[in-house]
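**Q** Read top to bottom, the protein sequences are chains P and F. Each residue of the first sequence is one higher than the one before, starting from 4 at the first, in the numbering used here. Each residue of the second sequence is one higher than the one before, starting from 643 at the first, in the numbering used here. We put the beta carbon where it would ideally sit given N, CA and C, even for glycine. The model shown is predicted, which means the values in this text are computed figures rather than measured ones. Once you've had a glance at the structure underneath, I'll fire off some questions.
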Amino acid sequence: MIKEIDPISLQVIGGALHSIAEQMGNVLYRMSYSSIIRESQDLGAGLFDRDYNTLCESDSTPMHIGSLPGYLRGIEKSIPLSAWRPGDCVIHNHPYYGASHSPDIAIVMPVFFEAELVGFSANTAHHVDIGAATPGLVIDIPDVFAEGMLLNGLKLYDEGVRNEPLWRYIRDNTRVPGLVMGDLEAQLASAELGVQRFQELMRTYGKNQVIQATRQLMDYTERMLRREIAKIPDGDYAAEGFLDDDGSNRGVTLPIRVTVRVRGEDVEVDLTGSSPQVPTAFNVPFDGSTKVACYFAFRALLLDTYTHAEYIPQNEGSFRPVKVTAPLGCIFNPIAPAAAEARFSQIQRIVDLIIKAMAPVLPDKCTAGNAAVLSFASYSGVRPNGDYWVFLEVNEAAMGGRPMSDGPDTIEELMRNTRNNPLEDLGMHLPLICDRYEVRDDVPPGAGKFRGGAGVVKSQRYLTPGFMTHESDRHEDAPWGVFGGKPGHGGKVELRKTAIGEVHSQPAKFSGLRTDVADVITYYSPVGGGYGDPLERDPEKVLDDVLDGFITVDHARDDYGVVLAEVDDGYGWRLNPEATRKLRAEMAQRGGR
Amino acid sequence: MIRVGVDVGGTFTDLVLENSVPGREQQVVVTKVSSTPHDQSEAVVRGILKVCALAGVEPGEVDAVYHGTTVATNMVIERRGARVGMITTLGFRDILHMARHKRPHNFSLQFDVPWQSKPLVRRRDRLAVTERVMPPTGEIAVPLAEDEVRQAAELFAKRGMDAVIVAFLFSFLNNVHESRAKEIVQEVLPDAFVCCSSEVVNTIREYERFSSTAMNAYIGPHTSAYLRNLEARLRNAGIPALVRIMQSNGGISTIEKSSDLPIGLLLSGPAGGVIGGRWTGDNCGKSNIITIDIGGTSADISVIQDGRLRIKNPRDTEVASLPVLVPMIDIDAIGAGGGSIAYIDPGGAFRVGPRSAGAVPGPACYGKGGEEATVTDAQIVLGRLDPEQFLGGDIEIDAALSYKAIEKRIAEPLGLSVENAALGILKIINNNMALAINANSVAKGIDPRNFTLMGFGGAGPLHSVSLAEAIHAKDVVSPVQPGITAATGLLVTDLQYEYTHSLLAVIDQQGNADFTPINDALAALTEQANRQLDADGVAEGSRRFQRVAECRYVGQGFELRAAMPDGAISKKNVATITDSFFEEHKKVYGHAFRNQPCELITLRLVATVEVDTLKLPELAQGGRTNPTDAILYSRKTIFDDGRSHDTPRYLRGKLLADDRITGPAIVIQHNSTTLVPPHYAAQVMRYGDILIGLR
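Spelled out as structure tokens, the structure:
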């Protein structure tokens, strides 16, 4: 190996790697067919070395970032390093061999330079339907085999020769071959681009120079994260919460316990004490999902890209200081053949509870309780010609209040960062019509010096009979307030059976529900918790929230101690500063301050 | 004919005057005045008077003023726009608040959400009314509740709104409701700026269309006031000239049209540079050009292919993190310029930019208190910029301060010599720019090996050759006046209008499609364009129409631009569209599928009218090699090879056509410095542009 390379070349190669990953991600999402990839960008792409270290990853959806090494290690069980040949292309999605969950299919191509295997170009993308028990998504299924096709390190191309039977097998085992096959082509184009660009990089700078640079870049990222961990006082920090249920056994809540152990510049997340694994698909694959959530939490908390001026390369270095422990057989490390497809709400809660555990020692970096959930809706049906339509929708939620600002409203929080589907694009192509998509204003955001974010409400109406599966949680355990802030609010789901004029309250998780024409499903997301004492909130901001309809006049008075007076200016309300001062003083006294 | 181009920048307002009155000697005069950010029109008028005086013409003789302005853009960035009210479909009050629900940062908890923290329309001013247009046909499911519209308008009147937008779901299919609501609002608020979404951008995707419409209204009242004020100021100063405004798509437009659709002006500033680059290329016989306009804090990059501007995919056009669904030249801006600061970060990495020293305090060498090392300081340390030549000696430069800043901030911590540290600064900043160029070229299927790199802006030609090496460009052009290329661009472009219509028509593998709606829409777009050109008094013979089909494979989400055949579209000629789409798909993604049906999403009609173009006087023939009478002096200069070379300085004004200069050499002019490294040679072209290539 060569010696340390100079800081100038390091910047040059680092910039090139970043740009390769971005281009791989761009090709994948622009060329793809299903809305979950092309609009929502539920994908990840990057380059990896022979030891499966991440060299660079596209800045797409956090859940995918950091999951690919798990896939590569899983593939090694069937394809050892020595068995790769130029022109190979492998497909993989097995959740017990490193996959994030079965619908996230990886495409992996080896990168050869001067006849030697130097690394991999790979990407993952969420596929609309892999032939599971119910269209699109699953909840109440017995085991991993009901998740659909399990592809365990299979060659789509073998030394450049297309494996036609495998392509046919995939085409015949999805409800929506038109989308899935097109999306696979887009994944191939993206991986091919990565192979070419990685080879070009080595031709330009030399193989050893590039490999050395990637090592130094990983060390750099690791150093930056360790530097921040070291600033946290050593200790054990814990937080607890619970999930609604497993999607089958109603009324049985599932505990989550997170213990963060900070020791010098290392940190361990221990999930011992969390629920045992469950008999439905509501388990979390350990390598591809549980670990990734913990990596994300520390990177977002400690190397926040909004507050840090420097771009810190996304690579293996950010994983190294974080150790993750989850006992085998718990919900975060299930034993095969337990199903583990519906895992997102749980990992959101890991991140949220890490933030809660760390809040006392990171008051200027944390947030109050986030919605920390996912509403993943699968709408589907069969067209008159017999073809299926399947549409996966991700509904956003809200964040908790923050040390310097309110929690963002109606936003993709924590591990997810997809884009919504334009309602007009959906309306043109699906027998489904949106009746309402607005800020949720039936409950106020958690009060605080900086309030929680407001949630979303979305109603979809079926224009033909169909099916629906909904993967979500957090109807019960409302997002927490912090440092005197008030808690937010849980979510809810309503089904309006239009034909019989009834509205049914639905649990957060249900699968394979049959729907009739004109049935309307309405999702109300959880609402973020507040940060700091509401009595310290700038009264002008409370007035703004009333005028903007985020909160009511009563709520302003009762929770914020802000008194408003009616005024005939077209807006209706102004501050009554005198009465506000008085009420706030009274409330402060009553509160024992 | 006397025409003046005025380009307003952050620091200077640049002017070019062209006098081509028959019988008199043709004349081109350039100058600059300090910008007046509080009201750009002040400097515009002062500059025009100055350039007229220099040219010896009366202000009253000026026929036309062509203006590139950052008024609209600054208004958005600084959020100094109008108070806008919105009337929208019941149930969908918050489309502008939710946007695409994606947060701007992945790894952040403390991020800002600009469309929520600084909304174009506040929630209290978004009122929803009963109405419903249904896809996919545009049939009316629920009629418009006109009383609710009137009540909303009356409330806006009471609130004293400057502007109101009407934005309904699916209005791209049927805009009857929008048009009727607009009428009602105008009855109630006759003086307000009112527009509806189907007028501003008639395309599918509600958030992008609504937000573009809100942006149009947000900048509408003040932009139109600025333009009218400019017109009045010119009249008062005795300048009766016709005023034309540069648009983001590289065409020029009238004051009236720009006042109605100010959203088309958001790239008015940088567009001039790209057009100027294209024109310079024409003068040098180059049609494939990568332009990079390097200023103090940022660099604008664009690609010209076969003499054509590249237009950005509407999915990527944003201003201040907000979507703007109007055609814009594909210009990428990156935070890299002469003022970019070099530093060592806490993890020990060597960084340059995007933070900039700006004009104040500026680079360390300005001696205005800047202690950090900048790119300009690196140029000084390496001897590439001569302190006494900086802006013709207008700014005093202290080279010792550059040396000190680099020594203290970079060289010592990294254990490098000051010269190597300076070389490192340039290598990193050049690499940042090269990566940005690649993202705008290689990543979009452009092979830079067939392209000429053209750097302009004062600092451009200092970086051109290094950048060309990094991206493997064929050669380099340094324009005759690198500092005012953008102003020049204003005098060399066409009058241009664009119209769009979304219709979603599938064209199957055999070329079957329902062609009637396509041809009807084309006819309607053409009629719309002709109405505008009639109003402008453009003769029919000089109107040119280009038709574009924005297509995707059925099921995809991103459209690509495909060419269209002339005349009515039919099964016979539809292959022009599908073939062109196939080629474009292959170019952009590296893959394409011959046997898949494609879907036409949006029809676009671009109407252009050629106007007179700037003609420069030709230089006298020189044909000399390293002409000694153009040499000012020689000095030691360090080039990218790390070696110090004795390097002659040539005065650009003394060079003649076909003169040849071998590197190492430096060519100096008032507002720019061109580097010709060792092993390169420069050739002076007939209008004074310099072509640089390997010897």
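#1: Closest to Asp55/P by C-alpha separation, out of Asp237/P, Gly156/P, Ser37/P and Leu84/P, would be which residue?
#2: For the region 44-76 of chain P, which residues have a beta carbon sitting closer than 9 Å to at least one beta carbon of chain F?
#3: Cβ of Leu1146/F less than 7 Å from any chain P Cβ?
#4: Using a C-beta cutoff of 7 Å, does Asp269/P count as contacting chain F?
#5: Evaluate Arg596/P with the Cβ neighbour count: other Cβ atoms within 10 Å of its Cβ, from every protein chain shown; 16 or more gives buried, anything less gives exposed.
#6: Report the three-state DSSP secondary structure of His819/F (helix, strand or coil).
#7: Helix, strand or coil: which one does DSSP assign to Leu169/P?
#8: Given this structure, state the Cα-to-Cα distance separating Met66/P from Gly77/P, to the nearest angstrom.
#9: Can you give the Cα-Cα distance for Gly893/F and Ser929/F, rounded to whole angstroms?
#10: Would you mind giving the Cβ-Cβ distance between Val131/P and Val164/P, rounded to the nearest angstrom? I have them listed as a contact below 8 Å.
#11: Starting from the beta carbon of Gly733/F, find every residue of chain P whose beta carbon is closer than 9 Å, and list them in chain order.
#12: Short of 9 Å Cβ to Cβ, which residues in the region 163-184 of chain P face chain F?
#13: Chain F partners of Gln14/P, CB-CB under 9 Å?
#14: Taking 7 Å as the CB-CB cut-off, is Met740/F touching chain P?
#15: Taking only beta-carbon atoms, is Ser528/P less than 7 Å away from chain F?
#16: Can you pull the chain P residues whose beta carbon is under 7 Å from the beta carbon of Arg765/F, in chain order?
#17: Please state whether DSSP places Phe322/P in a helix, a strand or coil.
#18: On a CA-only basis, which of Val496/P, Arg229/P and Tyr240/P is nearest Ala380/P? Give me that one, please.
#19: Taking the beta strand (DSSP E) that Glu243/P belongs to, which residues open and close that run?
#20: Among Ala457/P, Ala118/P, Ser348/P and Asn388/P, which residue has its Cα nearest to the Cα of Leu743/F?
#21: Along chain P, which residues have their Cβ under 7 Å away from the Cβ of Glu848/F?
#22: Classify Glu841/F: buried if its beta carbon has 16 or more other beta carbons within 10 angstroms, exposed otherwise.
#23: Counting Cβ pairs closer than 8 Å, one from the region 876-890 of chain F and one from the region 758-775 of chain F, do we hit at least three?
#24: What is the DSSP secondary structure of Asn1072/F, counted as helix, strand or coil?
#25: Classify Asp987/F as helix, strand or coil using the three-state DSSP reduction.
#26: Can you list, in chain order, the residues of its chain whose CB lies under 6 Å from that of Asn568/P, leaving out five sequence neighbours each side?
#27: Check each residue of the region 379-399 of chain P: if its Cβ is closer than 9 Å to any Cβ of chain F, include it; give the result in chain order.
#28: For Gly702/F, which residues from the same chain have a beta carbon less than 8 Å from its beta carbon, with the 5 sequence-adjacent residues on both sides left out?
#29: Looking at the structure shown, is Ser131/P part of a helix, part of a strand, or coil, going by DSSP?
#30: Please list, in chain order, all residues of the same chain as Val687/F whose beta carbon is under 7 Å from its beta carbon, the five residues on each side excluded.
#31: Residues of chain B with CB under 7 Å from Val755/F, in chain order?
#32: For a contact meaning CB atoms closer than 7 Å, what does Thr310/P contact in chain F?
#33: Drop a sphere of 10 angstroms on the beta-carbon of Ile719/F, count the other beta-carbons inside from all chains shown, and report buried for 16 or more, exposed for fewer.
#34: Which term fits Met4/P, buried or exposed, when burial requires 16 or more other beta carbons within 10 angstroms of its beta carbon?
#35: Is Ile315/P closer than 7 Å to Met227/P when the C-beta atoms are compared?
#36: Mind checking Ala1177/F: buried by the 16 CB within 10 Å criterion, or exposed?
**A** Working from what's here:
#1: The count along the first sequence starts at 1 and reaches residue 55/P at position 52. Correcting the residue identity first, residue 55/P is Tyr in this sequence and not Asp. Comparing Cα positions, the closest option is Leu84/P.
#2: Gln44, Asp62, Ser63, Thr64, Pro65 and Ile68
#3: Here residue 1146/F is taken as the residue at index 504 of the second sequence, counted from 1. By this cut-off, Leu1146/F is an interface position.
#4: Here residue 269/P is taken as the residue at index 266 of the first sequence, counted from 1. It does not; no Cβ of chain F falls within 7 Å.
#5: In the first sequence, the residue the question calls residue 596/P occupies position 593. In this prediction, Arg596/P has a pLDDT of 49, which is less than 50 and means its spatial position is unreliable; what the coordinates show is noted afterwards. The residue in question, Arg596/P, is exposed, as its Cβ has fewer than 16 Cβ neighbours within 10 Å.
#6: By one-based count along the second sequence, residue 819/F stands at place 177. Here His819/F sits in helix by DSSP.
#7: Locating residue 169/P in the first sequence gives position 166, where the first residue counts as 1. In this structure, Leu169/P counts as helix in the three-state DSSP scheme.
#8: The residue given as residue 66/P occupies position 63 in the first sequence. The residue given as residue 77/P occupies position 74 in the first sequence. The alpha-carbon atoms of Met66/P and Gly77/P are separated by roughly 18 Å.
#9: Numbered from its first residue, the second sequence carries residue 893/F at position 251. Numbered from its first residue, the second sequence carries residue 929/F at position 287. The alpha-carbon atoms of Gly893/F and Ser929/F are separated by roughly 18 Å.
#10: Here residue 131/P refers to the residue found at position 128 when the first sequence is read from its first residue. Here residue 164/P refers to the residue found at position 161 when the first sequence is read from its first residue. 28 Å between Cβ atoms; not a contact.
#11: For the purposes of this step, residue 733/F is identified with residue 91 of the second sequence, where counting begins at 1. What Gly733/F touches in chain P: Cys437, Asp438, Arg439, Tyr440, Glu441 and Ser462.
#12: Gly181 and Leu182
#13: The residue you call residue 14/P lines up with position 11 of the first sequence. Those are Ala991, Phe992, Arg993, Val994, Gly1066, Lys1069, Ile1070, Asn1073 and Asn1074, listed as they occur along chain F.
#14: As a position in the second sequence, residue 740/F is number 98, starting the count at 1. Yes - at least one Cβ of chain P is within 7 Å of the one on Met740/F.
#15: Taking the first residue of the first sequence as position 1, residue 528/P is located at position 525. False, the Cβ-Cβ gap to chain F never drops below 7 Å.
#16: Taking the first residue of the second sequence as position 1, residue 765/F is located at position 123. Here the neighbours are Asp551 and Gly552.
#17: Working through the first sequence from its first residue, we reach residue 322/P at position 319. DSSP places Phe322/P in coil when its eight states are reduced to three.
#18: Here residue 380/P corresponds to residue number 377 of the first sequence, with the count starting at 1. Checked all of Val496/P, Arg229/P and Tyr240/P; the closest Cα to Ala380/P is Val496/P.
#19: Here residue 243/P corresponds to residue number 240 of the first sequence, with the count starting at 1. Where Glu243/P is concerned, the enclosing beta strand (DSSP E) stretches over Gly238 to Leu246.
#20: Taking the second sequence and counting its residues from 1, the one referred to as residue 743/F is at position 101. Checking the sequence, you will find His at residue 743/F rather than Leu. Checking every option, the nearest Cα to that of His743/F belongs to Ala457/P.
#21: Position 206 of the second sequence, counted from the start, is the residue given in the question as residue 848/F. Those are Pro425, Leu426 and Glu427, listed as they occur along chain P.
#22: Against the second sequence, residue 841/F aligns to sequence position 199. So Glu841/F ends up on the buried side.
#23: no
#24: Position 430 of the second sequence, counted from the first residue, corresponds to residue 1072/F. If DSSP states are grouped into helix, strand and coil, Asn1072/F belongs with the helices.
#25: Counting from one through the second sequence, the residue named residue 987/F turns up at place 345. Correct three-state label for Asp987/F: coil.
#26: On the first sequence, residue 568/P is found 565 positions in, with the first residue counted as 1. Inspection of the sequence shows that residue 568/P is occupied by Ala rather than by Asn. Counting only Cβ-Cβ distances below 6 Å, and skipping sequence neighbours, we find Arg577 and Asn579.
#27: Val397, Asn398 and Glu399
#28: As a working mapping, residue 702/F is identified with position 60 in the second sequence. Here the set comprises Gly880, Ile881 and Pro882.
#29: Against the first sequence, residue 131/P aligns to sequence position 128. According to the sequence shown, residue 131/P is Val rather than Ser. Coil.
#30: Taking the first residue of the second sequence as 1, we reach residue 687/F at position 45. Arg875, Leu876 and Ala879, listed in sequence order.
#31: Checking the listed chains, one finds no chain B in this structure; the protein chains it contains are P and F.
#32: For this step, residue 310/P is matched to residue 307 along the first sequence. Those are Gln752, listed as they occur along chain F.
#33: The residue you call residue 719/F lines up with position 77 of the second sequence. Label assigned to Ile719/F: exposed.
#34: The count along the first sequence starts at 1 and reaches residue 4/P at position 1. Confidence in Met4/P is poor, its pLDDT being 49 and thus under 50, which makes the residue's placement unreliable; the coordinate value appears in the next sentence. Exposed, because fewer than 16 other Cβ atoms sit within 10 Å of the Cβ of Met4/P.
#35: For this step, residue 227/P is matched to residue 224 along the first sequence. For this step, residue 315/P is matched to residue 312 along the first sequence. Yes, Cβ-Cβ distance for Met227/P and Ile315/P is below 7 Å.
#36: On the second sequence, residue 1177/F is found 535 positions in, with the first residue counted as 1. Per the 10 Å Cβ criterion, exposed.
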